[in-house]
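Comments concern the structure below.
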Amino acid sequence: MKRTIFSLIAACAIILLVWFNLHYSNEEITEGDDLSRILDEIWDEYDILAYSVLTTDSTLYFVIDDTEDKDEVAQSIEKKLEHHDIEEYSLEIHKDYEVAVE
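If you're matching positions, the sequence shown starts at 781 in the working numbering and goes up one per residue.
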């Protein structure tokens, strides 16, 4: 009897661990997918020359063409991030001439 009860408790614990692992890993993948989708949309909408995601300090870096408006690009990115509940990133947007190396 004690062995059966212990087996049931152990089985429930294993099932809970597997469920938690699957649940939380799917949320991380979804956030990464949403961020990739947002970056692709911004790339298509504006003349983005380069971008980088620095996860260590939660920053999105963009280099845009000189003809693009920084404020417009920033507002569009922030709106898309808020729409997908991804608000922990800060933005760094620079025009091409600001990062050009001579």
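We put the CB at the ideal spot given by N, CA and C, even for glycine.
Sequence ranges, alpha helix (DSSP H) only - wholly within the stretch 790-864, length at least 4: 850-863
For Asp-845 and Leu-829, believed in contact at Cβ under 8 Å, the rounded distance: 6 Å
Nonlocal neighbours in the same chain, by C-beta distance under 8 Å from Ser-816, ignoring five residues either side: none
Among Leu-871, Ala-793, Tyr-877, Cys-792, nearest to Thr-847 - alpha-carbon criterion: Tyr-877
Rounded C-alpha distance that separates Val-843 from Ala-791: 52 Å
Beta-carbon gap between Ile-866 and Ala-854 smaller than 8 Å: no
Backbone CA spacing between Tyr-869 and Lys-875 [nearest angstrom]: 19 Å
One or two residues paired with Ile-873 in a DSSP bridge: Phe-842
Buried or exposed by the 16-neighbour rule on C-beta atoms within 10 Å, applied to Ile-809: Because the pLDDT at Ile-809 is just 46, under 50, the model does not fix this residue reliably, and the value given afterwards should be weighed accordingly. So Ile-809 counts as exposed.
Rounded C-alpha distance that separates Ser-838 from Leu-797: 29 Å
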